[in-house]
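Below: one structure, written as structure tokens.
Residue numbers (our numbering): -13 to 626.
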């Protein structure tokens, strides 16, 4: 691989033009040789450099127009070269690189050359990028031989999660130039590319989320590209000149982001979608300290994986922190006099109560049983009939689960507990208070040890109290809850006392409130739902009768996600929660399907399996709605 430093023998005889840039006339047909770096590549002290008005630096609106760049929509260009082929798919004879000390380079001609050409960005990074991310993950770390098929395995989020659990460092960086020498591809040069940035360039939000949950630092991504998460500062800059100053003044002077060069910066500007930006924000605002980790890694019970749940739940920061701190306290008090843990998740439906319970099962790795209490009317239905009444030999699902996990840590979820009668709640008083006194209804003289059971109750009984507090105090910030959180918890417990009685309420260890989603959180949920549909539409067309899929090979993108997702979020209904947003996204899915159905009168054939079609969600300001636009159909990129 040729490098542009003086010590590289392949660069000794390289000519320079009058402006100091390398003369690439001998390789004019090769896109990587068309870089006009101008005076900006010379090493200079930190600070704002003089404006370079030559081609490749800041440009006027007229120059931008000539370059096919819409300054009103920076980061959303879909330009391609005249042959509709991304330059980076051409195999180079030599690799063009930039010295590390020149990483603050800003060259508009390079950016325009690589300005999000969809085939380039996704194609070359898919072909070589997965390999690079996994090489970074596997750095100085032994992998099983069968796990060394990096390109195939990086697409599997579970495989990436497995590697991270087994010791891979989520904060490692990769030298992309070395990776691409192996693959024989030409791409922008950059050293020390953080793995999380690589995953973002790949357009893989689930991989970004996984890396963050294992401790990847969000600070390596320039803040101008991700904060505020709903509409980052970069979208408020209306010219290349403004973007250039932001890059030179902030990105290149920050120790965490100085690795970032101009082309990567602009690639991230396009690829960081709303859900990724929210996860990066979550990594900043919801930190896990070394003390937290120390408490979590108890010799008796390692509950540290539970910290990852904060990236699976949108919003609810106050309740999540209360829950995590309570679990950490349990690691210091493993024997609570035989009393099991009783948690109450309260709040309107569709705001994460059941989802958080399931995430606790996932991350704590314990047996899990769920019971819908709306369908349980009598005590013997819940625990099973006593001997010798009919059916005593069969017990009940709850009784049998507790017996199977006698003395073990496990979770029992009781959903909609407010719909139970007084006899059911009375029957729960004993197991909630003294965990070693419950008998197996199927007979036998021994008592079941249920002291390690985590009972999770969900309820809507506190909705009015939670909604009243939310409406009076929104936005619900950490600063607000630090002042008024304790008083609010007391109000919830008093309300619960009136609904369930003193005896039942006194046995509940912790009440976790779930608030309505803020407008910004609603938009994030919309983006997450759209992301799920994007993955489904991306799947290949199949004409196989046993695995038929006629709607596929569709690249669904969002133009200005902060606008589109805010429009979708208008469908949010507090009483329904995320379900109301899902329903609106379902409507967009139906519209996309209708567009596909009406695209042609011809039947779908094997030829259609070779092509991909662009569909774009756009915000229609005049109608206040989201429009689905159909773009061009191009040959499907073949990755080899």
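C-beta: ideal position from N, C-alpha, C; glycine also.
Quick caveat: nothing in here was measured; it's all calculated off a predicted structure.
Problem set entry | Other residues of its chain near residue 192: CB distance less than 8 Å, five sequence neighbours each side excluded | On the chain shown, position 206 is the one that residue 192 refers to. Contacts found: 143.
Exercise. Taking the alpha-carbon positions, what's the residue 155 to residue 205 distance?
Worked result: As a working mapping, residue 155 is identified with position 169 in the chain shown. As a working mapping, residue 205 is identified with position 219 in the chain shown. Straight-line Cα distance between these residues: approximately 16 Å.
Exercise. Between residue 242 and residue 563, what straight-line distance do the alpha-carbon atoms span, to the nearest angstrom?
Worked result: Position 256 of the chain shown, counted from the first residue, corresponds to residue 242. Position 577 of the chain shown, counted from the first residue, corresponds to residue 563. Near 38 Å, if we compare the C-alpha coordinates of residue 563 and residue 242.
Problem set entry | Helix, strand or coil at residue 699 according to DSSP, with G and I counted as helix | Here the chain covers residues -13 to 626 and nothing more, so residue 699 does not appear.
For this session: Measure the alpha-carbon distance for residue 254 versus residue 270 and round it to whole angstroms.
Result: Counting from one through the chain shown, the residue named residue 254 turns up at place 268. Counting from one through the chain shown, the residue named residue 270 turns up at place 284. For residue 254 and residue 270, the distance between alpha carbons rounds to 18 Å.
Problem set entry | Nearest to residue 468 (by Cα), restricted to the options 405, 303, 373 and 591 | Taking the first residue of the chain shown as 1, we reach residue 468 at position 482. For the residues 405, 303, 373 and 591, the minimum Cα distance to residue 468 belongs to 303.
Exercise. What three-state label does DSSP hand residue 565 in the structure shown?
Worked result: For the purposes of this step, residue 565 is taken as the residue at position 579 of the chain shown. Three-state DSSP puts residue 565 in a helix.
Exercise. CB residue 553 to CB residue 538, shorter than 8 Å?
Worked result: The sequence position of residue 553 within the chain shown is 567, counting from 1. The sequence position of residue 538 within the chain shown is 552, counting from 1. Cβ atoms of residue 553 and residue 538: not closer than 8 Å.
For this session: Verify the contact flag: residue 193, CB atom, against every heavy atom of the ligand NAP, threshold strictly below 7 Å.
Result: Within the structure as shown, the ligand NAP is missing, as the structure has no ligands at all.
Exercise. Among 324, 292 and 267, which has the Cα closest to the Cα of residue 437?
Worked result: Counted from its first residue, the chain shown places residue 437 at position 451. Residue 437 has its Cα closest to that of 324, out of 324, 292 and 267.
Exercise. Alpha carbon to alpha carbon, what distance is there between residue 531 and residue 525?
Worked result: Looking up residue 525 in the chain shown gives position 539. Looking up residue 531 in the chain shown gives position 545. Computed Cα separation, rounded: 16 Å.
Exercise. Looking at the unbroken alpha helix (DSSP H) that takes in residue 456, where does it start and where does it end?
Worked result: Locating residue 456 in the chain shown gives position 470, counting from the first residue. Unbroken alpha helix (DSSP H) run through residue 456: 449 to 459.
For this session: Go to residue 597, then tell me how far its beta strand (DSSP E) extends in each direction, as first and last residue.
Result: As a position in the chain shown, residue 597 is number 611, starting the count at 1. Residue 597 -> beta strand (DSSP E) spans 597 to 606.
For this session: Can you give me the Cβ contacts of residue 279 inside the same chain, cut-off strictly under 7 Å, excluding the 5 residues immediately before and after it?
Result: Position 293 of the chain shown holds residue 279. These residues qualify, in order along the chain: 290.
For this session: Express the C-alpha separation of residue 251 and residue 173 in angstroms, rounding to a whole number.
Result: Here residue 173 is taken as the residue at index 187 of the chain shown, counted from 1. Here residue 251 is taken as the residue at index 265 of the chain shown, counted from 1. For residue 173, the predicted model reports a pLDDT of 49, less than 50, meaning its position is unreliable; a value from the coordinates is still stated below. The straight-line gap from Cα to Cα measures roughly 14 Å.
Exercise. Nearest to residue 248 by CA position, among 275, 600, 321 and 177, is which residue?
Worked result: Counting from 1 along the chain shown, the entry for residue 248 is found at position 262. For the residues 275, 600, 321 and 177, the minimum Cα distance to residue 248 belongs to 177.
Problem set entry | Range covered by the beta strand (DSSP E) that runs through residue 632 | Because the chain spans -13 through 626 in this model, residue 632 falls outside it and cannot be assessed.
Problem set entry | Residue burial classification, residue 439 (beta-carbon count within 10 angstroms, cutoff 16) | As a first step, residue 439 is located in the chain shown; it is residue number 453 there, counting from the start. Residue 439 comes out buried.
Exercise. Taking the alpha-carbon positions, what's the residue 272 to residue 262 distance?
Worked result: Indexing the chain shown from 1 puts residue 272 at position 286. Indexing the chain shown from 1 puts residue 262 at position 276. Going from the Cα of residue 272 to the Cα of residue 262 covers about 15 Å.
For this session: Indicate the three-state DSSP secondary structure (helix, strand or coil) for residue 427 in the structure shown.
Result: The count along the chain shown starts at 1 and reaches residue 427 at position 441. Note: residue 427 maps to coil in three-state DSSP.
Exercise. By the 10 Å Cβ neighbour count, where 16 or more other Cβ atoms means buried, how is residue 516 classified, buried or exposed?
Worked result: The residue you call residue 516 lines up with position 530 of the chain shown. Buried: at least 16 other Cβ atoms inside 10 Å.
Exercise. The alpha helix (DSSP H) spanning residue 355 covers which residue range?
Worked result: The count along the chain shown starts at 1 and reaches residue 355 at position 369. Element bounds for residue 355: not the alpha helix (DSSP H) but the beta strand (DSSP E), 354 to 358.
For this session: Report yes if the CB atom of residue 589 is closer than 8 Å to the CB atom of residue 616, and no otherwise.
Result: The residue given as residue 589 occupies position 603 in the chain shown. The residue given as residue 616 occupies position 630 in the chain shown. No, these two residues do not count as a Cβ contact at 8 Å.
Exercise. Residue 401 bridges to which residues according to DSSP?
Worked result: In the chain shown, counting from the first residue as 1, residue 401 sits at position 415. 358, per the DSSP bridge assignment.
Exercise. Can you tell me whether residue 276 is buried or exposed, with buried defined as 16 or more other CB within 10 angstroms of its CB?
Worked result: Position 290 of the chain shown, counted from the start, is the residue given in the question as residue 276. Counting Cβ neighbours within 10 Å, residue 276 comes out exposed, since fewer than 16 surround it.
Problem set entry | Entirely enclosed alpha helix (DSSP H) segments - the region 180 to 237, minimum 4 residues | 181 to 187, 191 to 199 and 226 to 235
For this session: Have a look at residue 47 and residue 227 and give me their C-alpha separation to the nearest angstrom.
Result: Translated into positions along the chain shown, residue 47 becomes position 61. Translated into positions along the chain shown, residue 227 becomes position 241. Confidence is the limiting factor: at residue 47 the pLDDT is only 41, short of 50, which leaves the residue's position unreliable, though a coordinate-based value still follows. Their Cα atoms are separated by approximately 10 Å.
Problem set entry | Cβ neighbour criterion (16 or more within 10 Å) applied to residue 580 | Stepping through the chain shown from its first residue, residue 580 is reached at position 594. When all chains shown are included, residue 580 counts as exposed.
Exercise. To the nearest whole angstrom, what separates the beta carbons of residue 651 and residue 219, a pair I think is in contact under 8 Å?
Worked result: The first residue shown for the chain is -13 and the last is 626, placing residue 651 beyond what the model contains.
Problem set entry | Per-residue DSSP class, three states only, for residue 498 | Taking the chain shown and counting its residues from 1, the one referred to as residue 498 is at position 512. Of the three classes helix, strand and coil, the one that applies to residue 498 here is strand, per DSSP.
Problem set entry | Contact set for residue 150: own chain, Cβ-Cβ below 8 Å, skip 5 residues either direction | Here residue 150 corresponds to residue number 164 of the chain shown, with the count starting at 1. Same-chain partners within the cutoff: 123, 156, 196, 197 and 200.
For this session: With DSSP collapsed to three states, give me the class of residue 553.
Result: Locating residue 553 in the chain shown gives position 567, where the first residue counts as 1. DSSP places residue 553 in helix when its eight states are reduced to three.
Exercise. If you drop the 5 nearest sequence neighbours on each side, which residues of the same chain put their C-beta closer than 6 Å to that of residue 474?
Worked result: Start at 1 with the first residue of the chain shown, and residue 474 comes out as number 488. Once the five neighbours on either side are set aside, the close Cβ partners of residue 474 are 455.
Exercise. Just checking my contact of residue 503 with residue 312 at CB under 8 Å: how many whole Å lie between their CB atoms?
Worked result: What you label residue 503 is simply residue 517 of the chain shown in a count that begins at 1. What you label residue 312 is simply residue 326 of the chain shown in a count that begins at 1. Not really, about 23 Å apart at Cβ, beyond 8 Å.
For this session: Out of 399, 541 and 621, point me to the one whose CA is closest to residue 597's CA.
Result: The sequence position of residue 597 within the chain shown is 611, counting from 1. Of the candidates 399, 541 and 621, the one whose C-alpha sits nearest the C-alpha of residue 597 is 621.
For this session: Determine the direct distance from the alpha carbon of residue 216 to that of residue 260, and round the result to whole angstroms.
Result: Locating residue 260 in the chain shown gives position 274, where the first residue counts as 1. Locating residue 216 in the chain shown gives position 230, where the first residue counts as 1. So the alpha carbons of these two residues sit roughly 7 Å apart.
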